[in-house]
Amino acid sequence: MTDVIEVEGLTKRFGRLTAVDDVSFVVRQGEIFGLLGENGAGKTTTLEILEGFQCADRGSVRVLGIDPHSAHRDWRDRIGLVLQESDFDPVHTVTETVRLFASFFTHPRDVDETLAMVGLADKARERVGRLSGGQKRRVDVALGIIGQPDLLFLDEPTTGFDPVARSDFWSVIEGLRDAGTSIVLTTHYMEEAERLCDRLAIMAKGRVVAEGTSTTLISALGATTIRFVLPPNLDVATLGTITSATFVAREAMAVALLTERVPEVLLRLLTWSQANGVTLEQLEVVRPTLNDVFLGATGSES
995 MTDVIEVEGL
1005 TKRFGRLTAV
1015 DDVSFVVRQG
1025 EIFGLLGENG
1035 AGKTTTLEIL
1045 EGFQCADRGS
1055 VRVLGIDPHS
1065 AHRDWRDRIG
1075 LVLQESDFDP
1085 VHTVTETVRL
1095 FASFFTHPRD
1105 VDETLAMVGL
1115 ADKARERVGR
1125 LSGGQKRRVD
1135 VALGIIGQPD
1145 LLFLDEPTTG
1155 FDPVARSDFW
1165 SVIEGLRDAG
1175 TSIVLTTHYM
1185 EEAERLCDRL
1195 AIMAKGRVVA
1205 EGTSTTLISA
1215 LGATTIRFVL
1225 PPNLDVATLG
1235 TITSATFVAR
1245 EAMAVALLTE
1255 RVPEVLLRLL
1265 TWSQANGVTL
1275 EQLEVVRPTL
1285 NDVFLGATGS
1295 ES
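According to the working numbering, numbering within the sequence shown proceeds without interruption in unit steps and concludes at 1296.
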């Protein structure tokens, strides 16, 4: 599979601040690659270098085979951008705004089709200044995809979207990926990253601290939690002997078993409860999530 982005040893400093510190990764053709991190982790600076707006101090960056900082117009014609913030003429309608941006590209997407894709078909004649924050964000997305880019950068694209609009947008992004568009996505929504990203990298203090598929990163955490209300007259030590769980912790009125052998521990637990006529109230199996990976990798507190 061809790499559309190749980053090796990327470093960018602003005075004494090292915003990006020896970062390396690749983005493959036709995949959604997520770049996650807290504010100030270096994500936006990395994107700005990939988009050609900043110049690296050190390292190698190739985007669609070219150094973005010296890219030509033909390269720009193949790139789509959805920035964190945009500012449009408030008196122009949505259609006029998108049509203007369409004129910048050699083979733009149909304007009406694009508005339908981002859920703005019913706002086509509305002036941009009268749109809500979420609707303006959809205009941003429309401008990012109007040129039918080979590579699309999405910097927190669903900020301001309600849950239904966010889910609809995920389907749009997946459709673009399935049609061959390569996508680089930043987001603070872990469920969005887990749903959309084929692979992802987590940044902290300018460095990549974890990289892989969400499944691989979650699996690396290991233990799953089995939680339920602790039955009367059953102590934690006895419960550990019964289940052979890796670790047993008391949580107020509940108890949590940590284990990598979920089927075995559950079978032991349920066999014991049935034999002793004990009901396990509020029994649940809680597997690690991408959010757990993110908090662990960045050293954040939940």
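All residues carry an ideal CB built from backbone N, CA and C; glycine is no exception. These numbers were taken from a predicted model, which means no experiment stands behind them.
8 Å Cβ shell around residue i - same chain, five flanking residues per side excluded
i       : result
LEU1024 : At residue 1024 the sequence reads Gly, which differs from the Leu that was named. Here the set comprises MET995, ARG1171, GLY1174, THR1175 and SER1176.
LEU1004 : VAL1014, ASP1016, VAL1017, SER1018, THR1040, ILE1043, ALA1050, ARG1052, GLY1053, SER1054 and VAL1055
THR1232 : none
DSSP-derived helix/strand/coil call for residue i
i       : result
LEU1190 : helix
LYS1199 : coil
GLU1205 : strand
PHE1163 : helix
SER1064 : helix
PHE1095 : helix
ILE1043 : helix
SER1296 : Bear in mind that a pLDDT of 42 at SER1296, under 50, signals an unreliable position, so the number given afterwards is only what the model happens to contain. If DSSP states are grouped into helix, strand and coil, SER1296 belongs with coil.
PHE1288 : helix
THR1005 : strand
VAL1020 : strand
ALA1026 : Looking at the sequence provided, one finds Ile at residue 1026 rather than Ala. ILE1026 falls in the strand class under three-state DSSP.
LEU1109 : helix
LEU1297 : It is not possible to answer for residue 1297, since the shown part of the chain is limited to 995 through 1296.
ASP1104 : coil
Per-residue burial, residue i [other beta carbons within 10 Å of its own, 16 or more giving buried]
i       : result
VAL1202 : buried
GLY1200 : buried
GLU1188 : buried
PRO1062 : buried
ASP1229 : exposed
GLU1186 : buried
LEU1011 : exposed
ALA1136 : buried
SER1126 : exposed
SER1208 : buried
THR1100 : exposed
GLN1036 : Residue 1036 is actually Gly in this sequence, not Gln. The residue in question, GLY1036, is buried, as its Cβ has 16 or more Cβ neighbours within 10 Å.
Inter-residue spacing [alpha-carbon to alpha-carbon] between residue i and residue j
i       : j       : result
SER1267 : VAL1279 : 16 Å
GLY1034 : ALA1269 : 55 Å
ARG1022 : GLN1142 : 18 Å
VAL1057 : LEU1264 : 55 Å
ARG1160 : GLN1129 : 12 Å
ASP1144 : LEU1077 : 17 Å
MET1184 : GLU1032 : 12 Å
THR1091 : GLU1150 : 21 Å
ARG1221 : PRO1257 : 14 Å
GLU1002 : ARG1119 : 46 Å
GLY1293 : THR1038 : 20 Å
HIS1066 : GLY1046 : 10 Å
VAL998  : ILE1060 : 10 Å
GLU1107 : ARG1124 : 22 Å
VAL1158 : MET1111 : 14 Å
Proximity below 8 Å, CB of residue i to CB of residue j
i       : j       : result
VAL1259 : ALA1239 : yes
LEU1030 : MET1197 : yes
GLN1048 : LYS1006 : yes
PHE1027 : LEU1194 : yes
THR1283 : ARG1262 : no
ARG1093 : VAL1085 : no
GLY1138 : GLY1074 : yes
ALA1291 : ALA1204 : yes
LEU1109 : LEU1148 : no
LEU1190 : VAL1287 : no
ASP1156 : SER1080 : no
ASP1071 : VAL1122 : no
Same chain, Cβ closer than 6 Å to residue i, five either side skipped, listed in chain order
i       : result
PHE1163 : THR1152
LEU1114 : VAL1088 and ARG1132
VAL1242 : VAL1230, LEU1233, GLY1234 and LEU1251
LEU1274 : PHE1222 and SER1267
Own chain partners of residue i with C-beta closer than 7 Å, once the 5 adjacent residues on each side are dropped
i       : result
ALA1217 : THR1240, LEU1252, THR1253 and GLU1254
ALA1096 : PRO1102, VAL1105 and ILE1140
ARG1281 : THR1218
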